[in-house]
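Each step along the sequence shown adds one to the number in the working numbering, with nothing skipped, and position 260 is 457.
The next block holds one structure in the form of structure tokens; read it before the comments.
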Amino acid sequence: MILDGSISRATAEARRMGCFGHILNLVTQAFLYGENTAASALQYEEIRSTSLVRVEYRLRYGIEGQGANAKSGLGLVINAQRGFVLVSRAIVPNSCCNIQVTVADSAVLPASVKCLHPWHHWAIICYGANLVRVPVKSAKLITEDISQGQKITFVGCDGRGEIVEASTSVTKIIAHGLEPLCLRTARLINIDKIEVEAALNNECNTGFPIATDATVQGVWIAPESACLDNHRFGIDSQEIAAIAVKVSQGVDISFWRLPLELQSVKITEVEAMGVSTEWINKVLDERSDRRTSTAKRTWSQMPHQFQVGDILLSLNGKLVTRPSDLNITDPEEVYDVVASREGNEITVRASSTPEHDLETTRLTTFSGLVVHKPHRTMWQFIDKLPSEIWVANIYLGSPAHWYGVPSMCFIIYLDGKPVSCITSLLSVISQIPNNKGMFCAIAFLDTTT
């Protein structure tokens, strides 16, 4: 019988005894707990020493509602040959920053953002793999659904920057409900969250649940909105693995989705809404927790398509029971969605909408103002923005600070001329002579001027 926590004890003892003591300890484990436990311990230690890296993020000035600060956490090497690392967006929230990756506690290398997932809160960054002279191996991401009750080892980075781990199990897999809007982080949409039975999971801003066969089951995320109540969770790596393969093949990833935010709903509620017994039986055969999904919010679509309260039944003939079933990769396709609306079964022809163009990739500074295109959170706050020029930060002691220009507002007029985007703003600025004052009209989040 394998005792709970044996792997963690073995690793702790290995650190105390050194390399020779670690090998001796694992050999002893083979007699005490069986060869499988010793093999698993070796695999865990190999992941820790060759696949986990430390990621540091630094930003000179605050953007996207965040302050200028430094963040650090764990990253997972998913392609050692090309230097691709999986990390939470709690550590790397955007691409306008300086990133450093520390490999094997010996090589410190600059890195750049390769891929930012817009609504699942993870990122893939890239470092120069040809500059590394220490052994680095690619971790294996799971390509199947993680199951409730599954035994795992949780490896994370706590608030003190130390790597911690615990043997535990998956206690819950459930659709992530709609959370309050947070200015710092875009709302997580259409994901199944994973919770584990370990006290340290809420202490870690990054981490990875690892199965007994040493496959990585997902990534631990800590969105800013979740940190308010210290509730953090993981998402499985099934979709991440598929996207990582495309990134490794050199495919330029762009993210699209159907214009829907889904919320989990119980089968008993669905029955009261008039869904047919045939569809209910299909859901019961698919899910043991007796839940399916309903539309909670819709946007950017043609008339007579989705409505709030629609019960999603299938997508292109595939049963929809989880929010993640609506994750799509083909932006060109038109989707046939079967839904139940007020007890009637309907078919909706829906097109996906782009999400990748809402990332912050361009910054402009003038008179002490740092401005950029409104980030994703702004579009969630306001349906129609006053302009696409968002004041993200103000330098202390600058003209803008001296005259009391507030941050977190929109610029709509500059020097008496209307401006609607960064390009038009730069055009107006270029026509203003040096040492000449200018008039600036702004609008706030509630659209007052």
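We put the CB at the ideal spot given by N, CA and C, even for glycine.
As the structure is a prediction and not an experimental result, all values here were calculated from the model.
- One thing to note: Lys334 has its Cβ within 8 Å of the Cβ of Ala277.
- Three or more beta-carbon pairs separated by less than 8 Å are not found between the stretch 343–356 and the stretch 317–333, which leaves the two stretches without contact.
- Its chain contains Ile321, Val444 and Ile450 as the residues whose beta carbon lies nearer than 6 Å to that of Cys312, once the 5 sequence neighbours on both sides are disregarded; these appear in chain order.
- Exposed is the label assigned to Tyr600, since fewer than 16 other Cβ atoms lie within 10 Å of its Cβ.
- Taken through DSSP and simplified to helix, strand or coil, Pro456 comes out as coil.
- Here the stretch 295–311 lies against the stretch 241–258, with 3 or more beta-carbon pairs under 8 Å apart.
- No residue range can be given for Ala326, since it is assigned to no beta strand (DSSP E) and is classified by DSSP as neither H nor E.
- Separation of Glu466 and Val442 (C-alpha to C-alpha, rounded to the nearest whole angstrom) is 39 Å.
- Pairing Thr544 with Val531 gives a Cβ-Cβ distance that is not under 8 Å.
- For Val602, the three-state secondary structure derived from DSSP is coil.
- Going by DSSP, Ala441 is part of the alpha helix (DSSP H) stretching over Gln435 to Ser445.
- Taking C-beta atoms as the reference points, Ile388 and Ser521 count as a pair closer than 8 Å.
- Ile477 sits in a helix when the DSSP states are folded into three classes.
- Counting C-beta pairs closer than 8 Å gives fewer than three between the stretch 558–578 and the stretch 471–481, which falls short of the contact rule.
- About 6 Å separates the beta carbon of Thr561 from that of Ile619, a gap short enough to meet the 8 Å contact definition.
- Note on Ser627: under 16 other CB atoms within 10 angstroms of its CB, so exposed under the neighbour-count rule.
- For Ile296, the enclosing beta strand (DSSP E) begins and ends at Asn295 to Val300.
- Annotation: Ala469 is outside any beta strand (DSSP E); the continuous alpha helix (DSSP H) that includes it extends over Ile464 to Ala469.
- Here Asn541 carries a strand assignment [DSSP, helix/strand/coil].
- The shortest CA-to-CA distance from Cys401 to any of Gly262, Phe430 and Ile586 is the one to Phe430.
- Nearest in C-alpha terms to Arg559, of all of Ala589, Lys614 and Ala411, is Ala589.
- Beta-bridge partners of Lys268 (DSSP): Tyr254.
- If you draw a straight line from the Cα of Ser548 to the Cα of Ser246, it is about 45 Å long.
- Inclusion of Glu483 and Leu516 in the CB contact set at 8 Å is warranted, their separation being smaller than that value.
- Going by DSSP, Trp316 is part of no beta strand (DSSP E) at all; its letter is neither H nor E.
- Ala363 is the residue among Val310, Ser461, Ala363 and Asp554 whose C-alpha sits nearest the C-alpha of Asn399.
- In the DSSP assignment, Asn399 forms no beta bridge with any residue.
- In the DSSP annotation of this structure, Ser627 is not part of any alpha helix (DSSP H), being labelled neither H nor E.
- Between Val416 and Ser285 the beta-carbon gap is near 6 Å, inside 8 Å, which marks them as a contact.
- In terms of Cα proximity to Ala372, the closest of Gly514, Asp580 and Val462 is Val462.
- Remark: C-beta atoms of Val289 and Val310 approach each other more closely than 8 Å.
- Between Tyr592 and Ala638, the CB-CB gap reaches or exceeds 8 Å.
- Its Cα nearest to that of Asp433, the residue Gly404 stands out among Gly404, Gln460, Trp453 and Ala308.
- If you draw a straight line from the Cα of Lys390 to the Cα of Val367, it is about 11 Å long.
- Relative to the Cα of Ala640, the nearest Cα in the group Ile629, Glu585, Leu623 and His598 belongs to Glu585.
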